[in-house]
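Novice: Order-wise, the sequence lines are chains R and P. Just add 17 to wherever you are in the first sequence, counting from 1, and you've got our numbering. Just add 9 to wherever you are in the second sequence, counting from 1, and you've got our numbering.
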Amino acid sequence: MIGFQIKRTLRAGIKSLWLHRLRSGLTMMGITFGVCSVIAMLAIGTGASQEALAQIEKLGSLNIIIQSVPPPEGQQADEETSRIREYGLTHQDAARIQDTIPGVVMSVPTRRVRQTVTHNAHRMDTDLVGTVPKYREINNITVLRGRFIEAMHLEKRAAVCVLGRNAAETLFPLGGAVGSYILRGEQRFRVVGIVTSFARGELSGKKLIGDPNSEIYIPLTTMNLFYGETTVFGSSGTRTFEKVQLHGLTIQVASLDDVRRVETVITALLKNSHDKEDYQIIVPLHLLVQARRTKRIFSIVLGSIAAISLLVGGIGIMNITLATVMERTREIGIRRAMGAKRRHIIFQFLTETVLLALVGGSLGIVLGILVPYLVEKFAGMKTIVTLWSLLLAFGISAAIGILFGLYPAYRAANMDPIEALRHE
Amino acid sequence: MALAELRDVWKTYQMGDTLLHALKAVNFTFEQGEMVALMGPSGAGKSTFLNLVGCLDTPTRGHYILGGRDISTLNDNQLSEIRATQIGFIFQSYNLIPQLNLIENIEIPLYYQGVSERESYERAVALAERVGLGHRLTHVPTELSGGERQRVGIARALASSPLIVLADEPTGNLDTKTGQQILDLLHELNEDGVTMLVVTHDSRIASSAQRVVQLVDGELTAWDASAEPWGTPT
């Protein structure tokens, strides 16, 4: 059996590719950009969805979030007669959910009042959020300085507050917030801590209220004491006022299996006690499942688009190799006359296309790592280059080299040596 | 024993509705170490004859026995193997591969024989020296003169230590003086025992061969200078 002598074949392949540097380079670029776009697209896709997933996971997959929302206009029963729009969750709802639904481990109510607070010359319009100590636990709040609201504060209806990081920076640009006082009108609140959390933003089209870093937290009981059981607010110039008891209720259940059941019960319960749809239930677990599915589809779509550019690159290789085969017809004839078998000719041309594809693919991998890095740096999008996407891209480029080289090589090998020798 | 033998060989091509007989009942025997000149007008079947003897083609009818083996029935792979080991080709237009240097061109048949890299290099250098090109080993064909190129072609034909060397108009593209040098080289090789079939229009080659045959209309006959129907070669 006559061997193929890989080393010599490779050297010959490199030599004849080098002979047509420009052509080889241009052909390679097709593969380079294809591989690069596959890796970059997957990296951007993975990064984007990972960010969404992380955000949902931070919301807590054991949590069920209920928010008060203004009901749709048409459902407003007494709109004509009343200037006050009353809607949202009530203290009664919170108590019922906490007491009657088994599986609910904690329920954390929040109330918000839009206020202007000051410290010396520094002032800020922000939400005062009345809540309970467990808010910290259920919302993944990190305490930077001091402490969060404690049971004692709640009991004593203490005039204390906890600042979100941004609020602390605005009101106390020089630091020293903990232990100092902020003013809301005549009312003084002692700052007991500074906290931070991830931004809530928007999740699958449902807007989560509030920016935890700009908010100021006070005990719920204190808020009830100072502002009454309901929040009434209206904008000057309009005659409508809004009256809301609780703005939000976050519920945590014992295990993942409880989520769906508790959600069903809560939905039924709220439907019974509210005659209009003035609340919204957000279940991070559902969003998580949905986001995972979206992530997969996203990756597949982006990957396919990129794969098309790889395919174009592969067709480029085939095109050039077909031209090369035509151009080198005589060489093929000479080699056949000198005793080359068909498989020698196939191997010779395949070596060249695989070399092109692999070198192009390797460059593509380098670019494919670089591009997401640049995207992350300049566009601020999170990207994740996974090892498997590199392996996939490399594998695909090798496969393209073989696949798109096969037909031209086969044509070369099947030329009649006599005709090939006569070829001008 | 005969080195190669053609027995009642026919080669027929289908051209539309008509059958074209390129070779008609050709019988021929090569003896070890002889130099045979083949003459004949264009289109008389010389190329077909050469391709058959060179195992690039198989007869439509009849038998071709080379080195004791009937090649008429071999497949493409087996024919390739025979070309790699038992046939050496010399072409009128040299047919060197342009991107390969002198040594690499000579090495081609050895590569397809599967000779190791080191051994094939040594053999190629020895052959280059034998044809008088020991000083230009790394030159590519475009850097060589016509005569030098044909020497490379001859060295390449000898590389595989073939049973028979086939030369198709080896001096056809060369001036008289260079042609004569190439001819002298072929004679030298023949004296060293290389069996050769030279297709030529050149009566000088013909006159220096041990045996001259001619192909006219696909029929092979002994050379008859007086009956030369296509005139004196130019």
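Quick reminder that beta carbons are idealized off the backbone N, C-alpha and C, glycines included. In this text the structure is predicted, and so the values were computed from the model without any measurement.
For F98 (chain P), return the contacting residues in chain R, with the cut-off set at a CB-CB distance below 8 Å.
Specialist: In the second sequence, counting from the first residue as 1, residue 98 (chain P) sits at position 89. Those are A354 and M355, listed as they occur along chain R.
Novice: Going along chain P in order, which residues have a C-beta closer than 9 Å to the C-beta of H361 (chain R)?
Specialist: Residue mapping note: residue 361 (chain R) aligns to position 344 of the first sequence, counting from 1. S89, Y120 and Y121, listed in chain order.
Novice: For S33 (chain R), would you say it is in contact with chain P, using Cβ-to-Cβ distances shorter than 8 Å as the test?
Specialist: Numbered from 1 along the first sequence, position 16 holds the residue referred to as residue 33 (chain R). Yes, S33 (chain R) lies at the interface with chain P (some Cβ there is under 8 Å from its Cβ).
Novice: I think A324 (chain R) touches V55 (chain R), with their Cβ atoms under 8 Å apart; what is that distance to the nearest whole Å?
Specialist: Here residue 324 (chain R) refers to the residue found at position 307 of the first sequence. Here residue 55 (chain R) refers to the residue found at position 38 of the first sequence. Indeed, because the Cβ distance is near 6 Å, the residues count as touching under 8 Å.
Novice: Strictly under 8 Å for the Cβ-Cβ distance: is E178 (chain P) near chain R by that measure?
Specialist: Locating residue 178 (chain P) in the second sequence gives position 169, counting from the first residue. Not one chain R Cβ lies under 8 Å of E178 (chain P).
Novice: Helix, strand or coil for H108 (chain R)? Go by DSSP, reduced to three states.
Specialist: The residue labelled residue 108 (chain R) in the question sits at position 91 within the first sequence. Of the three classes helix, strand and coil, the one that applies to H108 (chain R) here is helix, per DSSP.
Novice: If you measure from the CB of T69 (chain P), is any heavy atom of the ligand SAH nearer than 7 Å?
Specialist: Only the bare structure without any ligand can be found here, which leaves the ligand SAH out of the picture.
Novice: What do you get for E96 (chain R), buried or exposed, if any count of 16 or more other CB atoms within 10 angstroms of its CB means buried?
Specialist: For the purposes of this step, residue 96 (chain R) is identified with residue 79 of the first sequence, where counting begins at 1. Per-residue confidence for E96 (chain R) stands at a pLDDT of 49, beneath the threshold of 50, marking its modelled position as unreliable; the derived number appears in the next sentence. With fewer than 16 Cβ atoms within 10 Å of its Cβ, E96 (chain R) is classed as exposed.
Novice: Going by C-alpha to C-alpha distance, which of P:L206, P:L136 and P:A53 sits closest to S169 (chain P)?
Specialist: Stepping through the second sequence from its first residue, residue 169 (chain P) is reached at position 160. Residue P:L136 is the option with its Cα nearest to S169 (chain P).
Novice: Please say whether G350 (chain R) and F421 (chain R) have beta carbons closer to each other than 8 Å?
Specialist: The residue given as residue 421 (chain R) occupies position 404 in the first sequence. The residue given as residue 350 (chain R) occupies position 333 in the first sequence. Contact: no.
Novice: Which complete beta strand (DSSP E) runs does the region 357-384 of chain R hold, if anything under 3 residues is left out?
Specialist: Runs found: none.
Novice: Is D17 (chain P) close to chain R? Criterion is C-beta to C-beta, closer than 8 Å.
Specialist: Indexing the second sequence from 1 puts residue 17 (chain P) at position 8. No, its Cβ sits nowhere closer than 8 Å to a Cβ of chain R.
Novice: My output table needs one value for G227 (chain P): the three-state DSSP class, helix, strand or coil.
Specialist: To locate residue 227 (chain P), count along the second sequence from 1; it is residue 218. Looking at G227 (chain P) - three-state DSSP - the assignment turns out to be coil, as it is neither helix nor strand.
Novice: Taking the alpha carbon of A6 (chain P) as the reference point, which residue from P:V208, P:D201, P:G97 and P:I106 has its own alpha carbon closest?
Specialist: Missing from the structure shown is residue 6 (chain P); chain P here goes from 10 to 243 and no further.
Novice: Throw me the rounded Cβ distance for the L373 (chain R) and I48 (chain R) pair, which I believe falls under 8 Å.
Specialist: Here residue 373 (chain R) refers to the residue found at position 356 when the first sequence is read from its first residue. Here residue 48 (chain R) refers to the residue found at position 31 when the first sequence is read from its first residue. Yes, they are in contact, since the Cβ atoms of L373 (chain R) and I48 (chain R) sit about 7 Å apart, within 8 Å.
Novice: Assuming V300 (chain R) contacts V276 (chain R) under a Cβ cut-off of 8 Å, what Cβ separation, rounded to an integer in Å, is found between them?
Specialist: Taking the first residue of the first sequence as position 1, residue 300 (chain R) is located at position 283. Taking the first residue of the first sequence as position 1, residue 276 (chain R) is located at position 259. At roughly 6 Å, the Cβ-Cβ gap stays under 8 Å, so V300 (chain R) and V276 (chain R) are in contact.
Novice: Once DSSP output is grouped into helix, strand and coil, what is the label at H440 (chain R)?
Specialist: For the purposes of this step, residue 440 (chain R) is identified with residue 423 of the first sequence, where counting begins at 1. Coil, per DSSP.
Novice: Identify, in the order they occur along the chain, each residue of the same chain with its Cβ nearer than 8 Å to the Cβ of Q204 (chain R), setting aside the five sequence neighbours on each side.
Specialist: Along the first sequence, read from residue 1 onward, the residue named residue 204 (chain R) stands at position 187. If we look at Q204 (chain R) and ignore the five residues flanking it on each side, its Cβ neighbours are A176 and F243.
Novice: What does DSSP give as the partner residues of S85 (chain R) in its beta bridges?
Specialist: As a working mapping, residue 85 (chain R) is identified with position 68 in the first sequence. R:Y296, per the DSSP bridge assignment.
Novice: Could you give the distance in angstroms between the alpha-carbon of M45 (chain R) and the alpha-carbon of L198 (chain P)?
Specialist: Translated into positions along the first sequence, residue 45 (chain R) becomes position 28. Translated into positions along the second sequence, residue 198 (chain P) becomes position 189. Each residue's alpha carbon lies about 47 Å from the other.
Novice: For F310 (chain P) and N84 (chain P), I'd like the C-alpha separation in whole angstroms.
Specialist: Within the shown structure, residues of chain P are numbered from 10 to 243, placing residue 310 (chain P) beyond reach of any answer.
Novice: Any chance you could list the beta strand (DSSP E) runs of at least 3 consecutive residues sitting entirely within the region 13-100 of chain P, in chain order?
Specialist: Complete beta strand (DSSP E) runs here, min 3: 13-24, 27-39, 44-48, 70-75 and 96-99.
Novice: Specify the secondary structure class of I19 (chain R) as computed by DSSP and reduced to three states.
Specialist: Along the first sequence, read from residue 1 onward, the residue named residue 19 (chain R) stands at position 2. Note that I19 (chain R) has pLDDT 44, beneath the 50 cutoff, so the model's placement of it is unreliable and no number is given.
Novice: For the beta strand (DSSP E) containing P126 (chain R), list its first residue and its last residue.
Specialist: As a working mapping, residue 126 (chain R) is identified with position 109 in the first sequence. Looking at the DSSP string, the run of the beta strand (DSSP E) that includes P126 (chain R) is V121 to H136.
Novice: Could you tell me if E22 (chain P) is buried or exposed, where buried requires 16 or more neighbouring beta carbons within 10 angstroms of its beta carbon?
Specialist: Within the second sequence, numbered from 1, the residue matching residue 22 (chain P) stands at position 13. Residue identity check: residue 22 (chain P) is Tyr in the sequence provided, not Glu. Under this definition Y22 (chain P) is an exposed residue.
Novice: Between the beta-carbon of I337 (chain R) and the beta-carbon of R352 (chain R), is there less than 8 Å?
Specialist: By one-based count along the first sequence, residue 337 (chain R) stands at place 320. By one-based count along the first sequence, residue 352 (chain R) stands at place 335. Going by C-beta atoms, I337 (chain R) is not nearer than 8 Å to R352 (chain R).
Novice: Quick one: is R25 (chain R) near chain P, going by C-beta distance under 8 Å?
Specialist: On the first sequence, position 8 is the one that residue 25 (chain R) refers to. Cβ-Cβ to chain P under 8 Å: yes for R25 (chain R).
Novice: Answer with buried or exposed for G25 (chain P), where buried requires no fewer than 16 other C-beta atoms within 10 angstroms of its C-beta.
Specialist: The residue labelled residue 25 (chain P) in the question sits at position 16 within the second sequence. Exposed: under 16 other Cβ atoms inside 10 Å.
Novice: According to DSSP, F206 (chain R) sits in a beta bridge with which residue or residues?
Specialist: Reading the first sequence from its first residue, position 189 is the one you call residue 206 (chain R). R:I199.
Novice: Are W232 (chain P) and V221 (chain P) closer than 8 Å when you measure CB to CB?
Specialist: Along the second sequence, one-based indexing puts residue 232 (chain P) at 223. Along the second sequence, one-based indexing puts residue 221 (chain P) at 212. Taking 8 Å as the Cβ cut-off, W232 (chain P) and V221 (chain P) qualify as a contacting pair.
Novice: Of all the CB atoms in chain R, is at least one closer than 8 Å to the CB of A164 (chain P)?
Specialist: Taking the first residue of the second sequence as 1, we reach residue 164 (chain P) at position 155. So no, A164 (chain P) is outside the interface.
Novice: So with Cβ pairs under 8 Å, would you call E126 (chain P) a contact of chain R?
Specialist: Sequence index remark: in the second sequence, residue 126 (chain P) carries index 117 (1-based). So, interface residue.
Novice: For the alpha helix (DSSP H) containing V270 (chain R), list its first residue and its last residue.
Specialist: Within the first sequence, numbered from 1, the residue matching residue 270 (chain R) stands at position 253. No alpha helix (DSSP H) contains V270 (chain R), which is instead part of the beta strand (DSSP E) from G265 to V270.
Novice: Rounded to whole angstroms, what is the Cα-Cα separation between T63 (chain R) and N230 (chain R)?
Specialist: As a working note, residue 63 (chain R) is residue 46 in the first sequence. As a working note, residue 230 (chain R) is residue 213 in the first sequence. So the alpha carbons of these two residues sit roughly 27 Å apart.
Novice: Looking at the secondary structure, which residues open and close the alpha helix (DSSP H) in which Y427 (chain R) lies?
Specialist: Within the first sequence, the letter at position 410 stands for residue 427 (chain R). Unbroken alpha helix (DSSP H) run through Y427 (chain R): L404 to A430.
Novice: Could you name the residues that DSSP lists as bridge partners for F258 (chain R)?
Specialist: By 1-based counting over the first sequence, the position of residue 258 (chain R) is 241. The partner list for F258 (chain R) (beta bridge, DSSP) reads R:I101.
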